[in-house]
Every structure is written in structure tokens, then in C-alpha cells.
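The structure appears right after this line, and notes come after that.
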Ligand code: MG
């Protein structure tokens, strides 16, 4: 029997790669449902190629256009924000690939966990803002959460070399992004184009800006805490510009087990689908002799303040990661829209963290969404009031 897969966020970079991987693994895997927000052209092409039973466009206007264009489509076309939850809990679906950008994917991730699915989680935000809620819901309903984020997939694979009690340290690698060697003053004034110029990975704009600020790695530290049930003190970050060693686990005896591969998301996507098996797929093979050397350096926490904040936020837990993530989403959108300089992103995050009333635990989706809404509104208010936001020199 083919494994039936639902892809939430099919028109994004992960979604497109997931469709390619599943096509290559056919007939062992098949696409049962896909969803996207409003990229109508690409979505219609995907529906025609993958022929899912259910397709959802969360934007009602875009869904209307889809229905007109896909006249001959035999399946169902859903719309509205609840359509993601509906897809994530479809009884026939075995695996839900959650690749929706930002916190918007959380209700669907929770629904997949409640339905006892295998949840291949590609967007880090649900684990960052609702780590306890999501992992606890998955435990109660027998759902499995598998990482798709390349670093966490690497850690997950390396973890198979020993028991959890034998793990001394998880070392998350980071490319360092486009500003690794840029002076801090210059980085703070960077343009959108410069921030989007990632040296090794090809990804969507939000995560590419997060990589440039190293906010992405900060979110990944919090993600690792929940995925692997580790205290934050056991997590380290190491800059590795070649993005070939995807992460490592250091065991108590001093052995370090790393996972290597070309920088291609198809490999971690495929591993989450076929786990615990490995099969031949579509990924290019790693040729170390062509690379010659791999380099490593410690991250500059003074320059990449988002990363330093990430460790603090991971330690605080509770409401801090919710505010950290929401403020960043608003700030990154403002940066992409040309409203603020690059250096102001982290300023806005810091201001929101300072202004919020911390809660030590958040155990309901309503409380979480209220905190998320507060942080978004507060950050938006700061944006209106920009002269008050000091850009540190
Ligand atoms: Mg990653």
C-alpha cells in the first residue's frame, strides 16, 4: 500500500521539493492532498501533475480562480484557513508534511498531532512557539514528529548512534549567511537584495532573511530543545560556510557523529518520508574531493545578536519564544517591504521581549495566539513610531 502524503504549503521551496521527492518515490508514496495560500499559477500546475484527492487554497479569491481554471479536476477544492486543519486530519493521510511559512502552520500541525499522524515538520515556528503543547499533544495521541529542517534531520540521524542519555552535546551547524564576513555597521545597513543573497541554500525570502540575521539558527536552537528533549546548555552552534556537515552529535565518550550531504532539502524531506528506511532517491551525491576542504569557526554573538537572544529565549521558555518569533515575523516583513534597515529587525525583537509580561508556561492554543497577537501588534506599533527605535552603531 502506498503511503499517503499531505503537503501543507506546496508552492513554497520545501513543498516543491517534497512533490519532486514523492514523484521519484512513486508508487511507494502518493500525494493525497496539497495546500497553498494564493500562488494560483504554480498551484494549478501542481494539482494537474500530482492529481491529489483534495486541494486547498486558503485565500478564498485565489480558490475561486483555481476552481475556474481546474474545471476538469475530479478532486475537491477547499478554501479558508480551516482547510489546512481539515487536510491535516484526513483519515486516509499517513504523513503530513508541514511547510507553511511562520506561525500560520500551528493549528494544522496540532491537528495532525491530534489525529495521530506522522508529522514531517519543515517549518520551525510551530515547535518554537508551541514546543510543549505540540510534543505533548503528539505523545498523547501517538503521533510521530519527524524533523525536515536539515540540521535537525542530521541530529536525528546521528542520534541513532547512541542512546539519549549518552548524548553530551548537539552541535548545530550554520552557514553564517551572506553577512558572515561583513562588518557589523555595514550589515546593519544592508539592503533587501544583499540579505536575500544566501551563499549556499536556496530558500524562500522569510527564511533567507532569518539566515542573514542568524535568527534562523536561534529558532533552530529552540526547535532542537523540543524535538530532542534537551536542555539548552547541551546545544552549540558552529559556523560552517560550506553547509555540507548538516549538524553533529557529541556523545559522552567523545565520539562526534556527523551527517553530511550536499545542501539540498530533498534529502531531509526524503528521510522523513522513508524513515526508518533509506532508499535511492533524487539527491545528488556528495563529492568531498571536489570540495577539498571544510571549514569551521565559532559564531560572533556580538554581531549576530539574534542568536545570542535565541539562547536566552530558549532558557526562559514559556511566552518568550512566542514573542521572539512573532516580533521577528513582523520585523522581517517590514524589512522586505523596505520600511526598516536590516539592523532594526533585531532591535524590534528585543524591544518586544523587554515589553512583554513573561509567562512561564503556555499550554493552550488560545493563550498562545493571544500572546502572539500582542507581540505582532506591539511590534507594528513600534514600526509606526520608528524614531524611537535606536539603531545601535
Ligand atoms: Mg535549517
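Numbering (this note's numbering), first residue to last: 249 to 641.
By construction, the Cβ of each residue, glycine as well, lies at the ideal position given by its N, Cα and C atoms.
Check whether the Cβ of residue i sits closer than 8 Å to any heavy atom of the ligand MG, and report yes or no.
i: residue 399; result: yes
i: residue 468; result: yes
i: residue 464; result: yes
Buried or exposed for residue i, going by 16 or more other Cβ atoms inside 10 Å?
i: residue 611; result: exposed
i: residue 524; result: exposed
i: residue 570; result: buried
i: residue 539; result: exposed
i: residue 625; result: exposed
i: residue 642; result: No statement about residue 642 is possible, as the shown extent of the chain runs from 249 to 641 and does not include it.
i: residue 641; result: For residue 641, the predicted model reports a pLDDT of 34, less than 50, meaning its position is unreliable; a value from the coordinates is still stated below. Burial call: exposed.
i: residue 388; result: exposed
i: residue 411; result: exposed
i: residue 413; result: exposed
i: residue 322; result: exposed
i: residue 527; result: exposed
i: residue 459; result: buried
i: residue 306; result: buried
i: residue 339; result: exposed
i: residue 632; result: exposed
i: residue 638; result: In this prediction, residue 638 scores a pLDDT of 46, lower than 50, which makes its location untrustworthy; no coordinate-derived value is stated.
i: residue 552; result: buried
i: residue 327; result: buried
i: residue 281; result: buried
i: residue 518; result: buried
i: residue 361; result: buried
Residue j and residue i - do their beta-carbons sit closer together than 9 Å?
i: residue 416; j: residue 471; result: no
i: residue 573; j: residue 486; result: no
i: residue 254; j: residue 283; result: yes
i: residue 368; j: residue 349; result: no
i: residue 279; j: residue 293; result: no
i: residue 250; j: residue 266; result: no
i: residue 504; j: residue 557; result: no
i: residue 329; j: residue 352; result: yes
i: residue 575; j: residue 596; result: yes
i: residue 577; j: residue 454; result: yes
i: residue 591; j: residue 438; result: yes
i: residue 320; j: residue 285; result: no
i: residue 303; j: residue 316; result: no
i: residue 363; j: residue 336; result: yes
i: residue 355; j: residue 376; result: no
i: residue 559; j: residue 440; result: no
i: residue 420; j: residue 469; result: yes
i: residue 535; j: residue 566; result: no
i: residue 613; j: residue 381; result: yes
i: residue 418; j: residue 484; result: yes
i: residue 634; j: residue 588; result: yes
Thinking C-alpha only, which one of the options is nearest residue i?
i: residue 547; options: 427, 527 and 598; result: 427
i: residue 629; options: 600, 320 and 567; result: 600
i: residue 371; options: 527, 452 and 588; result: 452
i: residue 475; options: 500, 400, 254 and 449; result: 400
i: residue 491; options: 311, 511 and 270; result: 511
i: residue 291; options: 351, 557, 263 and 272; result: 263
i: residue 403; options: 319, 393 and 497; result: 497
i: residue 622; options: 604, 634 and 613; result: 604
i: residue 386; options: 483, 365 and 377; result: 365
i: residue 390; options: 319, 520, 564 and 359; result: 359
i: residue 655; options: 355, 395 and 362; result: Outside the shown range of the chain (249 to 641) lies residue 655, about which nothing can therefore be said.
i: residue 549; options: 462, 408 and 259; result: 462
i: residue 406; options: 429, 441 and 499; result: 499
i: residue 506; options: 614, 342 and 409; result: 409
i: residue 423; options: 261, 565 and 449; result: 449
i: residue 530; options: 561, 509 and 602; result: 509
i: residue 378; options: 270, 615 and 627; result: 615
i: residue 261; options: 522, 589 and 514; result: 514
i: residue 488; options: 517, 393, 542 and 564; result: 542
i: residue 564; options: 480, 418 and 297; result: 480
i: residue 447; options: 602, 429, 554 and 478; result: 429
Are any of the Cβ atoms in chain D nearer than 9 Å to that of residue i?
i: residue 316; result: The question asks about chain D, but that chain is absent: this structure has only one protein chain.
Can you list, in chain order, the stretches of the beta strand (DSSP E) that have 3 or more residues and sit fully within the segment 300-335?
-> Listed in chain order, the complete beta strand (DSSP E) runs (minimum 3 residues) inside the segment 300-335 are 302-305 and 324-327.
Complete runs of the beta strand (DSSP E) confined to the segment 430-503 [at least 3 residues] = 483-487 and 493-499
What beta strand (DSSP E) runs, 3 residues minimum, are completely inside the segment 250-297?
-> Listed in chain order, the beta strand (DSSP E) elements of length 3 or more contained wholly in the segment 250-297 are 251-256 and 277-284.
Complete alpha helix (DSSP H) runs within the segment 542-594 (minimum length 4 residues, chain order) | 553-564 and 568-584
Would you mind listing the alpha helix (DSSP H) stretches within the segment 333-367 that are 4+ residues and don't spill past its ends, in chain order?
-> Positions of the alpha helix (DSSP H) runs, each at least 4 residues long and wholly inside the segment 333-367, are given as 354-362 in order along the chain.
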